[in-house]
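Adding 48 to a residue's 1-based position in the sequence shown gives its number in the numbering used here.
Scroll down for the structure; my scribbles are underneath it.
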Amino acid sequence: MITIVGSLKGGSGKSTLTFNLGVWLSMAGVKVQLIDADPQATLTDVIDVRKEEGFDPVLKAYDKRALAPEQLKAADETLIDVGTSDMESLRTALSRCDRVVVPVPPSQADIWSTQRFIQLIASVERESPPDIIGFINRGDTHHGVRETNEAAAALVSLPGIRFIKPRLSQRTVFRRSFSEGLAVFELESRGKAAREFLGLAATLYPHLVS
Ligand SMILES: Nc1ncnc2c1ncn2[C@@H]1O[C@H](COP(=O)(O)OP(=O)(O)OP(=O)(O)O)[C@@H](O)[C@H]1O
Ligand SMILES: [Mg+2]
């Protein structure tokens, strides 16, 4: 399966999710390839740090040349991190993927931009549309804050996107683990962030867990 992790908004958590899923899939024994189609190359950088630190499993990031159809099929799971500063690569990836996973921070601006992203995906010519999956990332950890649930409710009712319940809260361990080249569940295996991440991973890859 070819999965894009994408959104139009910067900082929504695309590279973070791609990296964590890459480590998780690799640990699950899946033949996974990661493609960094963002000129910012954040995914490549974190994978370099992981390599320098000598953490197992070792990951590899391919650049946008790996968006070639035959290379895309070279693994069981392909994860593509796309930015919006390279629209050509984004469109190429969108024309060849099976699904698009969209991290949505809980704000009205992010809901609007997700709506625009759905329109952009629809504008790419292909035989049948990809599955578009949205989840809340960077949700508030305080239950008293309404924005997160309101954003989730808005996402539920957004046409063209399938909302999935598992959400990632705003937790500093995501930033800390990333800068060390580790997945959250490696740095704090018993933490809340790890639990949330694993819930999301299981929903995205149900065949690997049951
Ligand atoms: N759930 C989270 N909790 C806390 N921090 C997070 C979370 N998700 C992402 N971050 C942090 O937010 C910042 C942006 O994340 P990331 O680089 O993954 O986003 P991006 O969508 O790839 O951004 P860009 O559009 O610039 O490529 C990073 O510092 C990352 O550590
Ligand atoms: Mg990124």
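Ideal Cβ placement from N, Cα and C applies to all residues, glycine included.
Note that the structure is predicted; figures quoted are calculated from it, not measured.
Please report the residue range of the alpha helix (DSSP H) in which Pro117 lies. The residue labelled residue 117 in the question sits at position 69 within the sequence shown. 117-120 is the span of the alpha helix (DSSP H), which, as asked, contains Pro117.
Going by other Cβ atoms of all chains shown within 10 Å of its Cβ, with 16 needed for buried, is Ser225 buried or exposed? Position 177 of the sequence shown, counted from the start, is the residue given in the question as residue 225. Result: buried.
Would Ala76 and Lys112 qualify as a contact pair, given that the criterion is a beta-carbon distance under 8 Å? Indexing the sequence shown from 1 puts residue 76 at position 28. Indexing the sequence shown from 1 puts residue 112 at position 64. Against a cut-off of 8 Å, the Cβ pair of Lys112 and Ala76 comes out as no contact.
Rounded to the nearest angstrom, how far is the Cβ of Gln88 from that of Gly61, given a contact under 8 Å? Numbered from its first residue, the sequence shown carries residue 88 at position 40. Numbered from its first residue, the sequence shown carries residue 61 at position 13. Contact between Gln88 and Gly61 fails: their C-beta atoms lie close to 14 Å from each other, not under 8 Å.
Can you name the start and end residues of the alpha helix (DSSP H) that Gly54 belongs to? Working through the sequence shown from its first residue, we reach residue 54 at position 6. DSSP places Gly54 outside any alpha helix (DSSP H), giving it a letter other than H or E.
Excluding five sequence neighbours on each side, which residues of the same chain lie with their C-beta closer than 8 Å to the C-beta of Asp188? The residue you call residue 188 lines up with position 140 of the sequence shown. For Asp188, where only same-chain residues beyond five positions count, the Cβ hits under 8 Å are Pro154, Glu195, Thr196, Ser217, Gln218.
Out of Met135, Pro254, Val193, which one is the CA nearest neighbour of Gly54? The residue labelled residue 54 in the question sits at position 6 within the sequence shown. Closest option to Gly54, Cα to Cα, is Met135.
Assuming the contact rule is C-beta atoms closer than 8 Å, Ile50 and Leu120 should be a hit. Round their C-beta distance to whole Å, please. Sequence index remark: in the sequence shown, residue 50 carries index 2 (1-based). Sequence index remark: in the sequence shown, residue 120 carries index 72 (1-based). With a Cβ gap of about 6 Å, Ile50 and Leu120 count as contacting.
Pull every residue with its beta-carbon under 7 Å away from any heavy atom of ligand 2, and keep them in chain order. In chain order, the hits are Lys62, Ser63, Asp86, Gln88, Thr90, Leu91, Asp129, Gly131.
Are at least three pairs of beta-carbons, each pair with one atom in the region 65-75 and one in the region 100-112, less than 8 Å apart? In short, these stretches touch, since the Cβ pair count reaches three.
Report back the beta-carbon spacing between Thr66 and Leu82 to the nearest angstrom; my notes put them in contact at under 8 Å. Locating residue 66 in the sequence shown gives position 18, counting from the first residue. Locating residue 82 in the sequence shown gives position 34, counting from the first residue. Yes, they are in contact, since the Cβ atoms of Thr66 and Leu82 sit about 6 Å apart, within 8 Å.
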